[in-house]
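First up is the structure itself, then whatever we jot down about it.
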Amino acid sequence: MRMTKIHPSTYIIYYVILIMFAFLFTNPYYSLTFAICIITLIRIQGIQKEFKGAIKGFIIMGIMIAVINPLTSYQGATRIYLWGNYFMTLESMIYGVILAFCLILTLLAFTSFNKAVSYQDLLYLFSKKFPAVSIIIIMALRFIPLLNHRLGEINKLHDFENENSEKKGLINKIKNLVDSLTVMISWTLEESMITTKSMKARGYKTAKRTSYLFYKINRIDVIFTSFTIIAATLSIIGLIYGNGRINIYPTINFSFDQFPLNIYYFSFLLLLLPLIYLEIKEEMVWH
Amino acid sequence: MALVKFENFSFASSSKEILSNINLEVEEGDFILFCGPSGSGKTTLLSNVKKELVSPGEFEGKITFNSINIKNLDDKQSATDIGFLFQNPDSQIVTDTVIQEIAFPLENIGMPTEDIRNRIAEMAAFFCIDNILYKNVNELSGGQKQLVNLCSLLVLKPKLLLLDEPTSQLDPIASYDFLTILRRLNEEFSITIMMSEHSVDNIFPFVNKVIFLNKGSIKYSNYTQNIVQKAMKDEIFKFYLPDVSKVNFLLSEKYPKLKNEKIAVSVREGRKLLHKISNDLKTFQKKEKKLSNGNYPFSDNDELIKSNGLYFAYSKENIILKDVEFSLKQGEFLSIIGGNGAGKTTLIQLLAGLLKPIKGKVSRKKGIKISYLYQNPLIHFSKEKIKQELLLNNETELNNNVTDLLKFFNVEHLLDQNSYDCSGGEQQKIAIIKALIKKPDVLILDEPTKGLDPLSKYKLAKELQTLQKNGLTILMSSHDLSFIANYCSRCIMLFDGGIQVDNNPKEIFSENNFYTTFVNRLVKDYIPDGIIIDDIKEKWKL
Chain A
1058 MRMTKIHPST YIIYYVILIM FAFLFTNPYY SLTFAICIIT LIRIQGIQKE
1108 FKGAIKGFII MGIMIAVINP LTSYQGATRI YLWGNYFMTL ESMIYGVILA
1158 FCLILTLLAF TSFNKAVSYQ DLLYLFSKKF PAVSIIIIMA LRFIPLLNHR
1208 LGEINKLHDF ENENSEKKGL INKIKNLVDS LTVMISWTLE ESMITTKSMK
1258 ARGYKTAKRT SYLFYKINRI DVIFTSFTII AATLSIIGLI YGNGRINIYP
1308 TINFSFDQFP LNIYYFSFLL LLLPLIYLEI KEEMVWH
Chain B
1285 MALVKFENFS FASSSKEILS NINLEVEEGD FILFCGPSGS GKTTLLSNVK
1335 KELVSPGEFE GKITFNSINI KNLDDKQSAT DIGFLFQNPD SQIVTDTVIQ
1385 EIAFPLENIG MPTEDIRNRI AEMAAFFCID NILYKNVNEL SGGQKQLVNL
1435 CSLLVLKPKL LLLDEPTSQL DPIASYDFLT ILRRLNEEFS ITIMMSEHSV
1485 DNIFPFVNKV IFLNKGSIKY SNYTQNIVQK AMKDEIFKFY LPDVSKVNFL
1535 LSEKYPKLKN EKIAVSVREG RKLLHKISND LKTFQKKEKK LSNGNYPFSD
1585 NDELIKSNGL YFAYSKENII LKDVEFSLKQ GEFLSIIGGN GAGKTTLIQL
1635 LAGLLKPIKG KVSRKKGIKI SYLYQNPLIH FSKEKIKQEL LLNNETELNN
1685 NVTDLLKFFN VEHLLDQNSY DCSGGEQQKI AIIKALIKKP DVLILDEPTK
1735 GLDPLSKYKL AKELQTLQKN GLTILMSSHD LSFIANYCSR CIMLFDGGIQ
1785 VDNNPKEIFS ENNFYTTFVN RLVKDYIPDG IIIDDIKEKW KL
């Protein structure tokens, strides 16, 4: 249980800004800062496990983007001839790498978002405007695991029954799969009649739906949001003046000895820190 | 003034009469039990009081609630004042977390957030469910699910609860807990309850009125004590009486002294009556405890399934079965009992081969065939008609073996129906026939008596016994102690991941004080190993 209660909309504003910034700020120093901060945050939030599963796929995708981009795009001034007349440009190679890196940062931000904002928080925000959508989401969350469980049971039974039959091969496998699905669908339809009745019996659609979820806007939300907005505005101003973004095409205008020590970089850094600060503060209580 | 009143009410669906000429008055604070065989119209009767649930059909007469015709009730009033609980705990849950499920009806009627939270807080405190409030409903046990379903009706502050076999899917302990809550609601809050149920031993002491339904009309309707006398002579309804009353009735035939006493419906009343005639009753001593293993006249060759050091778990933290040593012998009728989550289903699935052990070995005698029957028989059906279900590969007509089985189970008339249109008992039988077509040596059943009415249960037991006599070995998991006591030859109790007790039912239940049949609870002081009515008849020569 968390002791700092932050309104879900505060979180959403913050993370939307983070995810936008992951794409806008392509300067390697900014990107690295972003990566370090968000990895620290994920570690403190304690979700490395889920994260490890997700990132494997994304690293492969990242490598593919980094490889495919120079194969398909020939923009840029610096040509590197590989064999004969075939060339790639240095710029499109670097662009591919940066794009892949941005995507991974976005994924990181999303993972952290998932941990910070539960689906119930999201529902709370949705349910006021779209009550029908929110009830569909809740029901899906109930029934997808249930159907999954049922399909598992049916498959277990069918595997057992077909173990000794001599018929094997693809066509029979497909036949068995169709059989399993038939059973599951008829079973589920039968049960869903009762679900419908149970909803009707408990007054579904007799009035406009409300929600049991309840959030207050606290002082911390005001401070948090104003902090975020000030830091983000400063960073954007910096971006307009050319801080934090590098031009790749036609030639790269970046060298590693230009460390961006200015107010815009610091406001970018500050923007990344508040959640880490809050999480550490929470941890301190227990030690 | 009656809270609910049926006036000459009849109901027909697709020109088949389901209820005919029902006249009934339910006072506020009544706790009424409806009994009757499957298809006698209990569910239809209950759902006609709830206007949202009335199925399409023609009706005559009227039902009033607080003198207002049910049909004219305001939507919101019908939703809040009348609560309806269904049989299956799983299929009536709509949302994913407990708190959301309890809040669901309040959200539906558009109650402000603050009030919703007040009511949930009250419910959570009264029913002690605050520790499961944020759990996912899939993690709950059947009893907890049914309790959540009840809470989600009670937050609406209903005046009338309609319960359609609410405990038929629960194990005996969970169903007793559930009934205790109903009793509190009835006694402490005077909530009117109309409930249908098959197993009546627990319930009879709680209710004040019983109504026996058959073929859509009311056969008997009276206060609990008075109805036993009449129903005892009825061919169908004698199955719907508590064992305690049946024993009481037998005794009063022999000892005229008891004729003027009230008939007992609870163990407490029953034992009081026994004390009155204790001088006339013969008392037996308990026999020396027999050794549990080794007293079966079997050699190792008769072992059909055997397991050694069996371990099973889905996760490291929660090991379900530990080091289970088990053997099943030719011709046994073995049942496995144990609390909720003790691993009964897991064990029989391991023995059947549906699951693979994580450690240890299950060995099956070479060449034996095993058939497994799932808890819910519907999982076995995928064809349009029952006839198609029962055809073996490439057959176009049923073979003799199958027709014999159909005759034996008395379900020939169902061949052209769809399996979903049959009653629970019929589905169970057809699933068993389907399993028997392959001529198995061992038939494994997972809670075959769940949700069956007493008459079907009795018939099923007789049929299983005949099959056993013809050489079939039967292994089943069950919660139904009286069924086991009457028909099984051996019983195993699981506890703490292993086999705790392994003996014949008589030995087990006479040792137990709580986890035993109602008959044994009643006569323990006189006949320690009397666990079924037949034992008592024999010992006391009734």
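Chains as they are written, first to last, in my numbering: chain A, 1058 to 1344; chain B, 1285 to 1826. Glycine included, C-beta positions come from ideal geometry on N, C-alpha and C. Here the structure is a predicted model, which means the values were calculated and not measured.
Terminal residues of the alpha helix (DSSP H) in which residue i lies
i               : result
G1708 (chain B) : G1708 to L1720
F1281 (chain A) : R1276 to I1297
V1807 (chain B) : F1802 to V1807
I1776 (chain B) : Careful: I1776 (chain B) lies outside any alpha helix (DSSP H), inside the beta strand (DSSP E) at R1774 to F1779.
N1788 (chain B) : Looking at the DSSP string, N1788 (chain B) is not in any alpha helix (DSSP H), and its letter there is neither H nor E.
C1412 (chain B) : Careful: C1412 (chain B) lies outside any alpha helix (DSSP H) and carries neither H nor E.
R1266 (chain A) : It is not in any alpha helix (DSSP H) - R1266 (chain A) carries neither H nor E in the DSSP assignment.
A1296 (chain B) : Run containing A1296 (chain B): none in the alpha helix (DSSP H); it sits in the beta strand (DSSP E), V1288 to S1297.
D1461 (chain B) : P1456 to F1473
E1340 (chain A) : P1331 to W1343
E1385 (chain B) : V1382 to N1392
T1630 (chain B) : K1628 to A1636
Y1072 (chain A) : P1065 to L1081
Contact under 8 Å by Cβ, residue i with residue j
i               : j               : result
V1608 (chain B) : L1594 (chain B) : yes
L1744 (chain B) : S1703 (chain B) : no
I1413 (chain B) : A1387 (chain B) : no
L1631 (chain B) : I1621 (chain B) : no
T1476 (chain B) : V1491 (chain B) : no
K1360 (chain B) : T1263 (chain A) : yes
I1277 (chain A) : V1240 (chain A) : no
D1764 (chain B) : Q1659 (chain B) : no
L1165 (chain A) : I1099 (chain A) : yes
M1777 (chain B) : I1758 (chain B) : no
T1464 (chain B) : S1268 (chain A) : no
I1561 (chain B) : V1512 (chain B) : no
Beta-carbon proximity list for residue i, same chain, < 7 Å, skipping 5 on both sides
i               : result
I1652 (chain B) : L1588, D1725 and V1726
N1592 (chain B) : E1609, G1644 and K1645
E1822 (chain B) : none
V1279 (chain A) : none
D1264 (chain B) : This structure does not reach residue 1264 (chain B), given that chain B is present from 1285 up to 1826, and the question cannot be answered.
A1286 (chain B) : E1309, V1310 and E1311
Pick from the options that is closest to residue i, judged by C-alpha positions
i               : options                               : result
A1458 (chain B) : B:S1480, B:S1436, B:K1443 and B:G1426 : B:G1426
Y1504 (chain B) : B:P1489, B:D1485 and B:Y1524          : B:Y1524
K1186 (chain A) : A:L1204, A:V1124 and A:K1265          : A:K1265
L1337 (chain B) : A:M1256, A:L1330 and A:L1296          : A:M1256
S1312 (chain A) : A:I1320, A:R1302 and A:Y1321          : A:R1302
V1528 (chain B) : B:P1812, B:N1510, B:Y1810 and B:T1801 : B:T1801
L1638 (chain B) : B:K1649, B:I1654 and B:N1624          : B:I1654
Y1087 (chain A) : A:F1115, A:F1144, A:F1158 and A:V1124 : A:F1158
L1246 (chain A) : A:L1204, A:V1174 and A:Y1298          : A:L1204
F1665 (chain B) : A:H1215, A:S1324 and A:F1281          : A:H1215
Cβ-based neighbour list, residue i, same chain, cut-off 8 Å, excluding 5 preceding and 5 following
i               : result
T1308 (chain A) : G1133, A1134, T1135 and E1148
M1145 (chain A) : P1127, L1128, Y1131, R1136, I1137 and L1139
K1369 (chain B) : For the sequence presented, residue 1369 (chain B) should be read as Leu rather than Lys. Hits under 8 Å: Q1376, Q1430, N1433, L1434, L1437, L1445, L1446, L1447, D1448 and P1450.
Own chain partners of residue i with C-beta closer than 6 Å, once the 5 adjacent residues on each side are dropped
i               : result
K1671 (chain B) : L1699
G1578 (chain B) : A caution first: G1578 (chain B) carries a pLDDT of 44, below 50, which makes its placement in the model unreliable, though a value can still be read off. Cβ within range, chain order: n/a, list empty.
G1367 (chain B) : L1437, P1442 and L1445
Start and end residues, beta strand (DSSP E) containing residue i
i               : result
K1355 (chain B) : Run containing K1355 (chain B): none; DSSP gives neither H nor E here.
V1310 (chain B) : K1300 to V1310
F1496 (chain B) : K1493 to N1498
K1543 (chain B) : Element bounds for K1543 (chain B): n/a, residue is neither H nor E.
L1618 (chain B) : F1617 to I1621
E1587 (chain B) : E1587 to S1599
M1760 (chain B) : T1757 to S1761
Integer Cβ distance of residue i from residue j, believed to fall under 8 Å
i               : j               : result
Q1105 (chain A) : E1336 (chain A) : Not quite, the Cβ-Cβ distance comes to about 14 Å (not below 8 Å), so this is no contact.
L1806 (chain B) : R1555 (chain B) : 6 Å
S1322 (chain B) : G1814 (chain B) : That pair is no contact at about 31 Å.
K1419 (chain B) : T1381 (chain B) : 7 Å
I1316 (chain B) : K1493 (chain B) : 5 Å
Chain E residues whose Cβ lies nearer than 7 Å to that of residue i
i               : result
P1396 (chain B) : No chain E appears in the structure shown, which is made up of the protein chains A and B.
Closer than 7 Å: residue i CB and nearest the ligand HEM heavy atom
i               : result
Y1138 (chain A) : Questions concerning the ligand HEM fall outside what the structure shown contains, since it holds no ligand whatsoever.
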